[in-house]
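Residue numbers (our numbering): 48 to 309. Every residue, glycine too, gets a C-beta built ideally from N, C-alpha and C. This one's a predicted model, so the numbers in the text were calculated from it and none came from an experiment.
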Amino acid sequence: RNSSAEDVLSVFRDRPECVLQLQQLVAWEVHSGAKPESLQRLSTKLGLSLDSFVFLDDNFFEVEDVSRRCPEVLLLHVPQKEEDFKALLQHSWVLDAHGTQVTREDEQRTELYRQNALRRAERDRHPQLAEFLEALKVEIDLRQPTLGDQSRLSQLCGRTNQFNTTQLRLSESEVNSWVQSETRYVLAAEVKDKFGDYGLVASAFCSFTTSSLVVDGLVMSCRVLHRGVEQRLLQQLAETALARGKAQVLVRFRPSSKNDLA
48 RNSSAEDVLS VFRDRPECVL QLQQLVAWEV HSGAKPESLQ RLSTKLGLSL
98 DSFVFLDDNF FEVEDVSRRC PEVLLLHVPQ KEEDFKALLQ HSWVLDAHGT
148 QVTREDEQRT ELYRQNALRR AERDRHPQLA EFLEALKVEI DLRQPTLGDQ
198 SRLSQLCGRT NQFNTTQLRL SESEVNSWVQ SETRYVLAAE VKDKFGDYGL
248 VASAFCSFTT SSLVVDGLVM SCRVLHRGVE QRLLQQLAET ALARGKAQVL
298 VRFRPSSKND LA
């Protein structure tokens with residue numbers, strides 16, 4: 048626990064051997080207050096649910112306090128010995144990279160969170176949703192994905208819970224098969240606004256029946272909720288259905304404890 052921001056910042060400034068760099072941090076809480084409250088403030092500031100956080104601490108009582116007051120947070124109790132700490136980091140699955148390829152969105156993750164902070168400030172200045180969207184200057188690019196998108200699409204399926212209509216989980220090879228199939232249809236959405244590029248943030252995985260285009264899974268990052276993306280996706284799917292002589296679009300839905308937003 049450290050209440051001096053200057054002491055913390057000096058570690059990054061004066062310790063060149065430090066692997067973690069200041070520019071890699073998006074937000075921080077430096078004070079002597081309760082850590083569960085810090086986590087809750089960071090959750091609000093970053094727009095992330097508490098189940099997205101991993102809390103590391105070498106103080107058992109701090110870990111227990113977070114466990115009691117923020118049960119959604121994943122806890123790692125840091126051991127005293129350095130070699131044990133290294134083993135903990137190497138064997139904690141939650142810290143493993145998803146998939147086999149680092150995506151463009153992964154490389155830009157820190158910058159994306161910084162941009163989201165600017166968007167939240169813009170939202171505060173425009174309480175009406177229509178005014179907010181107009182101020183953001185949102186651009187939505189809908190397209191069929193290429194093979195180069197398969198890693199990101201698999202990642203999107205694996206990580207998206209709140210806006211995932213059927214909890215669809217696809218590996219990279221399964222995404223590849225779906226994209227190349229002549230009996231299936233995949234539509235992806237890339238989004239950007241005046242603050243920056245969200246990247247590839249939504250996709251619909253579809254199949255066809257005699258009379259219908261069936262959306263077997265619609266996944267979308269919560270970062271672009273209320274940006275008009277889901278409406279544009281469904282509009283494009285309807286146009287695709289008409290072009291292929293289908294009378295309707297059916298969206299499958301399988302409720303879970305987390306996908307009420309869908």
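First and last residue of the uninterrupted alpha helix (DSSP H) at residue i
i: C204; result: Q197 to R206
i: R161; result: R156 to R172
i: L136; result: E129 to Q137
i: L311; result: The chain is shown from 48 up to 309; residue 311 falls before or after that span and cannot be answered.
i: R115; result: F107 to R116
i: F179; result: L176 to L183
i: S57; result: A52 to D61
Segment limits, beta strand (DSSP E) that includes residue i
i: L97; result: No beta strand (DSSP E) contains L97, which DSSP labels as neither H nor E.
i: R190; result: E186 to R190
Reduced DSSP secondary structure (H/G/I, E/B, other) of residue i
i: C269; result: helix
i: L86; result: helix
i: R274; result: coil
i: A81; result: coil
i: A285; result: helix
i: K305; result: coil
i: Q71; result: helix
i: T150; result: coil
i: L142; result: helix
i: R279; result: helix
Which residues DSSP lists as bridging residue i, in chain order
i: L247; result: E237
i: R231; result: S254
i: L297; result: V261
i: L121; result: V101
i: N211; result: V266
Proximity of residue i and residue j at Cβ, strictly below 7 Å
i: V113; j: V120; result: yes
i: T150; j: Q71; result: no
i: A236; j: V266; result: no
i: I187; j: R270; result: no
i: L297; j: S259; result: yes
i: E169; j: A182; result: yes
i: Q197; j: V222; result: yes
i: S254; j: D263; result: yes
i: R216; j: G205; result: yes
Supposed close pair residue i, residue j - CB separation, criterion 8 Å
i: A52; j: V77; result: 4 Å
i: F100; j: T213; result: The pair is not a contact, with the Cβ atoms about 26 Å apart (cut-off 8 Å).
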